[in-house]
Amino acid sequence: MLMPKRVKYRRPHRVYPSGKAKAGTELAFGSYGLKATEGCWLTNRQIEAGRIAIT
0 MLMPKRVKYR RPHRVYPSGK AKAGTELAFG SYGLKATEGC WLTNRQIEAG
50 RIAIT
């Protein structure tokens, strides 16, 4: 694995989205919605593609 020669900390401290939503779980309108089954980062294009696939 490639690593820089001099770093203060070896492991990068990344933020991994995880956990369950505490708010915003009810549908505002319509009968269908998207639900994430695991934590990950989504782009706006991925969300829009899922929304178009539902309609």
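Each residue of the sequence shown is one higher than the last, beginning at 0 in numbering that gives the first Met the number 0.
Note that CB positions come from ideal geometry on N, CA and C, so glycine has one too.
In this chain, the alpha helix (DSSP H) harbouring residue 50 covers 43-53. Less than 8 Å divides the Cβ of residue 49 from the Cβ of residue 33. Approximately 14 Å separates the beta-carbon atoms of residue 46 and residue 31; this is outside 8 Å, ruling out the contact.
Sequence-distant partners of residue 26 (beyond 5 residues in either direction) whose C-beta falls short of 8 Å from its own C-beta, in its chain, are 32.
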